[in-house]
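The structure appears below as C-alpha cells.
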Amino acid sequence: MSRSNNLATCRKEEVKSFLNSFDNIFCDVDGVLWPRAGSIISGIEETFFKLHSLNKKIRFVTHNNLLGVKNLYKSLSEIVPGLEIEDVITPITIIISFLKEINFNKEIYFVGHSASKKDLLEAGFTIAPSGPERTEESLSGVLNNLKDNENIGAVILDFDPNINYLKLVKAINYLQRPDVLFLSASTGTFAKIGSRIVLGGSIFQHMIEDTSGRSATNFGKPSDALKLYLFNKYTIGNGTRNLFVGDTLEKDIKFGNQCGFQTLFVGNLKSENTNNNNGNQIIPDYYIDNFASLHTLM
Ligand SMILES: [Mg+2]
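Per the working numbering, residue 467 is the first one in the sequence shown, and the count goes up by one each step.
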C-alpha cells in the first residue's frame, strides 16, 4: 500500500506530472460518477470538463448495462463533453463485436436482462425463446423442456433478475454440444448496496460451469477478452500513457494492472483489503476519496 499516492495530499507539481503522464482515461462508472444506486456525485461534471480541456480522451468501461448502451451513453454524454457512443464499453458491446468478428449467424440462448437482450437484437442477432416461465412439477415435465435446439450456437449469460430453474438447466443442456459457445457478461458474485445484499450473475455462471463441465469466456473486468478488445481498438501503445480509474481493487485496479495501465483507485484505500484471494497484492498507483474532487486539485 505504501507505494500508492494519495492525490489529495500530493504537492501541486506531483499532481501536474500525474496529469501529464497519460493521454487516455478508461473509467469505471458505478461508484465513480454516482453511487451504485443514486444520482451523480456533485463536482463530477467539473472534473470531466477539466480533463477534457486538457485533451484527455475519456472512455468508460463498465459492467452496468441495465439501461442498455444507448441510454447509458445518453446519461454519460450529459456529463462528459465530446463523448461518442463507441466510448462506452460494456461486456455486451464486446460480445457483440466478438460475434460480428467471427460472423456468428446461429441463434443465441440468452440468460440476461431485457436491455442487453435489446442490444443483441439491435446488433442483428437472433435470440432463441428462453421460456416457459413455469414447468410441470415432475421429472418428465422438466425433461420435456430440455429438447436440444440445433440452431443454437451460443449461450450468453448476463445479470438476470428473473433467472429461474428452467433457464439454468436449459443453458446447461445446450452446452452439452461442444460447438456451442459459452460467453459471459456476468460480473461479480454479490454486491452490498446500503444494508442489502444483491446477487450478481457469477453465482449462476459457476453453477452452470460446474454442472456442464464447460468454462465460460468472460468479457468483464478483469479478462483477457476485454484487454484484447481495448488493445485492438484503441491506440494503447505499451499501456503506460493510459489511466484506469475505478472503485474496486478486484475488478478495476486488477484489470488496469493486467493491461499495464496506470491506475487510480476511487475510495478509501486504507479501509480496503489489498490482498486478493491468491495472497497477491492489488496496489493502485494513486488513490482519491472522491473522483469528483479531482478538479479542485487541477
Ligand atoms: Mg464501480
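The C-beta atom is built at its ideal place from N, Cα and C for all residues, glycine as well.
Residue burial classification, residue i (beta-carbon count within 10 angstroms, cutoff 16)
{"i": "residue 752", "result": "buried"}
{"i": "residue 468", "result": "Any reading at residue 468 must be qualified, since the residue scores a pLDDT of 49, below 50, and its modelled position is unreliable; the value itself is stated next. Exposed, by the Cβ-count rule."}
{"i": "residue 672", "result": "exposed"}
{"i": "residue 619", "result": "buried"}
{"i": "residue 684", "result": "buried"}
{"i": "residue 597", "result": "exposed"}
{"i": "residue 708", "result": "buried"}
{"i": "residue 760", "result": "buried"}
{"i": "residue 547", "result": "exposed"}
{"i": "residue 595", "result": "exposed"}
{"i": "residue 645", "result": "exposed"}
{"i": "residue 689", "result": "buried"}
{"i": "residue 531", "result": "buried"}
{"i": "residue 534", "result": "buried"}
{"i": "residue 706", "result": "exposed"}
{"i": "residue 660", "result": "exposed"}
{"i": "residue 668", "result": "buried"}
{"i": "residue 733", "result": "buried"}
{"i": "residue 486", "result": "exposed"}
{"i": "residue 628", "result": "exposed"}
{"i": "residue 475", "result": "exposed"}
{"i": "residue 723", "result": "buried"}
One or two residues paired with residue i in a DSSP bridge
{"i": "residue 620", "result": "574, 647"}
{"i": "residue 496", "result": "500"}
{"i": "residue 708", "result": "490"}
{"i": "residue 608", "result": "Answer is none; residue 608 lacks a bridge partner."}
{"i": "residue 658", "result": "663"}
{"i": "residue 753", "result": "472, 731"}
{"i": "residue 592", "result": "573"}
{"i": "residue 554", "result": "526"}
Top-ranked residue by Cα proximity to residue i, from the options
{"i": "residue 762", "options": "492, 508, 722", "result": "508"}
{"i": "residue 536", "options": "583, 657, 514, 503", "result": "583"}
{"i": "residue 647", "options": "655, 654, 638", "result": "638"}
{"i": "residue 702", "options": "716, 532, 714, 725", "result": "725"}
{"i": "residue 590", "options": "665, 565, 660", "result": "565"}
{"i": "residue 572", "options": "548, 622, 600, 608", "result": "622"}
{"i": "residue 649", "options": "501, 706, 474, 675", "result": "675"}
{"i": "residue 713", "options": "729, 506, 541", "result": "729"}
{"i": "residue 694", "options": "539, 611, 478, 560", "result": "560"}
{"i": "residue 529", "options": "723, 653, 664, 663", "result": "653"}
{"i": "residue 643", "options": "659, 680, 657, 764", "result": "680"}
{"i": "residue 554", "options": "578, 526, 562, 534", "result": "526"}
{"i": "residue 556", "options": "632, 600, 624", "result": "624"}
{"i": "residue 617", "options": "630, 607, 641, 631", "result": "641"}
{"i": "residue 700", "options": "489, 719, 607, 631", "result": "489"}
{"i": "residue 717", "options": "736, 749, 698, 737", "result": "749"}
{"i": "residue 736", "options": "727, 723, 715, 746", "result": "715"}
{"i": "residue 563", "options": "540, 746, 588", "result": "588"}
Rounded distance between the beta-carbons of residue j and residue i, thought under 8 Å
{"i": "residue 517", "j": "residue 558", "result": "At roughly 26 Å, the Cβ-Cβ gap does not stay under 8 Å, so residue 517 and residue 558 are not in contact."}
{"i": "residue 545", "j": "residue 491", "result": "Residue 545 to residue 491, Cβ: 13 Å. No contact."}
{"i": "residue 721", "j": "residue 692", "result": "7 Å"}
{"i": "residue 592", "j": "residue 574", "result": "7 Å"}
{"i": "residue 498", "j": "residue 757", "result": "5 Å"}
{"i": "residue 473", "j": "residue 754", "result": "4 Å"}
{"i": "residue 655", "j": "residue 666", "result": "6 Å"}
{"i": "residue 670", "j": "residue 634", "result": "6 Å"}
{"i": "residue 626", "j": "residue 578", "result": "5 Å"}
{"i": "residue 682", "j": "residue 502", "result": "Incorrect: roughly 24 Å between the Cβ atoms, too far for contact."}
{"i": "residue 601", "j": "residue 615", "result": "Actually they are not in contact, since the Cβ atoms of residue 601 and residue 615 sit about 16 Å apart, beyond 8 Å."}
_As an exercise, report each continuous alpha helix (DSSP H) stretch of at least 4 residues that is fully enclosed by the region 508-539, in chain order._
510-519
*asked:* Quick check on the DSSP output: what are the complete alpha helix (DSSP H) runs of length 4 or more inside the region 666-721, in order along the chain?
replied: 668-678, 690-699
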